Structure formats: structure tokens, C-alpha cells
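The sequence shown begins at 3 in our numbering and counts up by one. In this text, a Cβ means the ideal position worked out from N, Cα and C, and glycines have one as well. All of these numbers come straight from a predicted model, not from anything done at the bench. Here's the structure, in C-alpha cells; my notes come after.
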Amino acid sequence: MTLPRLSMLRILSIICAAMMLATMNSATAQGDAKRGQYLIKAAGCMACHTADAKDAVPFAGGRALKTPFGTFYGPNITPHATAGIGRWTEADFMHALRQGQRPDGAHYFPAFPYPSFTKMTDADMRDLWAFLRMVPPSPRPSQAHELKFPFGWRPLLAIWKWLFFTPGAYASDAKLSAELNRGAYLVNALSHCGECHTPRNFLGGLQKDRLLAGTKAGNNIKSTPNITPGGLDWSDAEFKEFFATGMTPDFDSANETMAEVIRNTTSQLTAADLAAMIAYLKSVPAIKSEK
Numbered sequence: 003m004t005l006p007r008l009s010m011l012r013i014l015s016i017i018c019a020a021m022m023l024a025t026m027n028s029a030t031a032q033g034d035a036k037r038g039q040y041l042i043k044a045a046g047c048m049a050c051h052t053a054d055a056k057d058a059v060p061f062a063g064g065r066a067l068k069t070p071f072g073t074f075y076g077p078n079i080t081p082h083a084t085a086g087i088g089r090w091t092e093a094d095f096m097h098a099l100r101q102g103q104r105p106d107g108a109h110y111f112p113a114f115p116y117p118s119f120t121k122m123t124d125a126d127m128r129d130l131w132a133f134l135r136m137v138p139p140s141p142r143p144s145q146a147h148e149l150k151f152p153f154g155w156r157p158l159l160a161i162w163k164w165l166f167f168t169p170g171a172y173a174s175d176a177k178l179s180a181e182l183n184r185g186a187y188l189v190n191a192l193s194h195c196g197e198c199h200t201p202r203n204f205l206g207g208l209q210k211d212r213l214l215a216g217t218k219a220g221n222n223i224k225s226t227p228n229i230t231p232g233g234l235d236w237s238d239a240e241f242k243e244f245f246a247t248g249m250t251p252d253f254d255s256a257n258e259t260m261a262e263v264i265r266n267t268t269s270q271l272t273a274a275d276l277a278a279m280i281a282y283l284k285s286v287p288a289i290k291s292e293k
């Protein structure tokens, strides 16, 4: 018994539609490497995952970060099978950003700014992953951290996370405009400005009541400026000039660390993203700088 011609056509149409939908979903899940290249600049990944040396291989690790707890070294995140993250899956990568855990379940130290990266969208994580898969693999082994006792004991990080870490993607604030929400996402998630511009307590947790209010120098920590309106009362044009060239309104220039951020990140942002970031920074509560 054969099916009527009309029924066969309907079945074929349904099958074709299902195949097209599956293809579209697959393409979406794979991520956009070109967009990922932009996002990796906005996230400042080059600074931590590339050695501070002439002709250093991008993303092959080796950058030292001195802290009161010891020295951390950025790991190799190229797709090398043994030295890098070549054996990771996309799910492993997203779990690292969202939950601050390695594929083997061990906790990452918060020198890796997952407390901010956890707020990234799944789509942005997938695009970042797609770009990193295109990076030339490097056999440079990741350097072991040099931490003071007992801060190098990873199981303690479970307590640190319970105290200071809240996983989850950024949720748009209905009270804010689309531009301010984008700015909040850039500042607090993707570009993780608060990781450097917010003081920390003795356990390394961010003092959220002084978010973006700057830090004092001391104990291997360089000072960072207060970037709330209580510290920087700059115009849009002055912010744009600084983020593009590093020149301040009083004709000073950014220090070495911020100059790298400007070179690799803020000067690479689209006009819309830069405007959103500036608008958000000018909208946050003003906090007076500590004397």
C-alpha cells in the first residue's frame, strides 16, 4: 500500500526542515571564530596568557602575576594536545569560565578572573572557544605557580568560592538602557575591570562596597585608580582619548600595565562598545578615593 503523493511531500518537507534546523543549531553551537577574535581582545586574554618577552608566542602562557599570596603564571591556552588545552572540549572550556574548575574537577585560583568571566553569555564563550581552536598550538609547558603556604593548596578554594564566588551569567537590568546594560556587561564580565580596580580583603575577595574605587600600592600590589565618578570626573571625549591613546586630560600617560590594556583591549573596541563602557562608568555610584 503506497502513501498518497501529498502525504509523501509533507513528510519530505518535514524531514528537510528538520535537517536545516539541525544544521543551523550545529553552526550556532560551534561558535564564530571571527567574533571570538574580537571578544578575546575585549577580554584582555593576551595580557595574562602571553609571556612578557620579545617574540613571545601569543597565548602560550608564562606571564607572571605577583600578588600577596605569591606569583601566578598564566597557562598555555593554545590547542596543543599536552602543553595547552587541545584535549579540552567546548564544555570543559565553558565550565572553566562559568564555574572556575579544571576538567579534572580541581578549582582554579581566582588569579584567573572567573568570578567576572562567569557572567559571560554562553554565546560569547562559544565564540571565544572557536577562536582559540584556530590559534597555532605551542609546545611551551605551563609554568607552575609559586605560592606561599598554605595558599597553594587547591582544596581551600572550595571555601573561598563559598565565601566570594557566585556563578551565573549576567542578567540584564530592566531599569537600564540597552547601552548601559552592554556597558555593565563589558566592565563587569568580559573586560573584568573590577578585578584590578577594586580592593580586596585579606583573603583575596573583592570588597564589593568599593567596586571600581581603586586600590592602594603595597605588598607586591601596584595602585590602581578610582574609576568611579568619585575618582574620574571626565567627559566622554576625555575617556575616549584615554582609552585610545593612554593620554589623560592633564597630559599624563597611562602606566605600563594600563598602557597594555589600552593597546590590546580598549583601543580595539568598536565605537558602540566603547561608548557603552564609558556611559556605564559614568553612571556607577561615586565612591571617594581612599587617602
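Here's the rule: buried if 16 or more other CB atoms are within 10 angstroms of the residue's CB, otherwise exposed. What is glycine 107?
Classified as exposed, glycine 107 has fewer than 16 neighbouring CB atoms from the shown chains inside 10 Å of its CB.
Residue range of the unbroken beta strand (DSSP E) whose run includes serine 68
According to the sequence provided, residue 68 is lysine. The question's serine does not apply to it. Residue range 66 to 69 is occupied by the beta strand (DSSP E) that includes lysine 68.
Look at serine 118 and alanine 215 and say whether their C-beta atoms are less than 8 Å apart.
no
So lysine 163 and proline 231 are in contact, right, with Cβ under 8 Å, and what is the actual spacing, rounded?
Wrong, their Cβ atoms sit about 32 Å apart, outside the cutoff.
Taking buried to mean at least 16 other C-beta atoms within 10 Å of its own C-beta, is methionine 136 buried or exposed?
exposed
Taking the CB atoms as reference points, tell me whether proline 77 and histidine 51 lie closer together than 8 Å.
In this structure, histidine 51 lies closer than 8 Å to proline 77 by Cβ.
Spatial neighbours of alanine 246 in its chain, beta-carbon cut-off 6 Å, leaving aside the 5 residues before and after
Ser269
So alanine 49 packs on arginine 37, CB below 8 Å; how close in whole Å?
That pair is no contact at about 20 Å.
DSSP-derived helix/strand/coil call for arginine 202:
Note: arginine 202 maps to strand in three-state DSSP.
Go through its chain and collect everything with a Cβ distance to leucine 149's Cβ below 6 Å, but skip five positions before and after it.
Phe71 and Gly72
Is it a yes or a no for the stretch 158 to 178 touching the stretch 257 to 274, going by three-plus beta-carbon pairs under 8 Å?
no
Return yes when the C-beta of lysine 43 is under 7 Å from any heavy atom of the ligand COA, and no when it is not.
Summarising the ligand content, the structure contains no ligands, and the ligand COA is consequently not present.
Which class does glycine 72 belong to by DSSP, given the choice of helix, strand or coil?
strand
is_contact[threonine 168, chain C] using C-beta, thresh 8 Å:
No chain C is present in this structure, which holds just one protein chain.
Per the contact definition of three or more C-beta pairs closer than 8 Å, is the stretch 240 to 254 in contact with the stretch 150 to 158?
no
Proline 169 vs threonine 226 beta-carbon contact at 8 Å:
No, the Cβ-Cβ distance between proline 169 and threonine 226 is not below 8 Å.
For phenylalanine 255, collect the residues of the same chain with a Cβ closer than 7 Å to its Cβ; drop the 5 residues on either side in sequence, then sort them by chain order.
Note that residue 255 is serine in the sequence shown here, rather than phenylalanine. Closer than 7 Å at Cβ, skipping near neighbours: Gly248 and Met249.
Is leucine 192 near alanine 186, with beta carbons less than 8 Å apart?
no
Nearest by alpha-carbon distance to glycine 102: which of Phe114, Ser237 and Leu205 is it?
Phe114
Cysteine 195 to alanine 83 span [Cα, whole Å]:
Distance between cysteine 195 and alanine 83, taken at the CA atoms: about 31 Å.
Which residue from Gly33, Asp34, Ile42 and Ala35 puts its Cα closest to that of asparagine 266?
Ile42
Pick out the complete alpha helix (DSSP H) segments inside the stretch 144 to 219, 4 residues or longer, and give them in chain order.
159 to 166, 180 to 187 and 196 to 199
Cross-strand partners of histidine 109 (DSSP beta bridge):
DSSP, once it has assigned bridges, lists Gln103 as partnering histidine 109.
By the DSSP assignment, the alpha helix (DSSP H) with serine 118 in it spans what residues?
116 to 119
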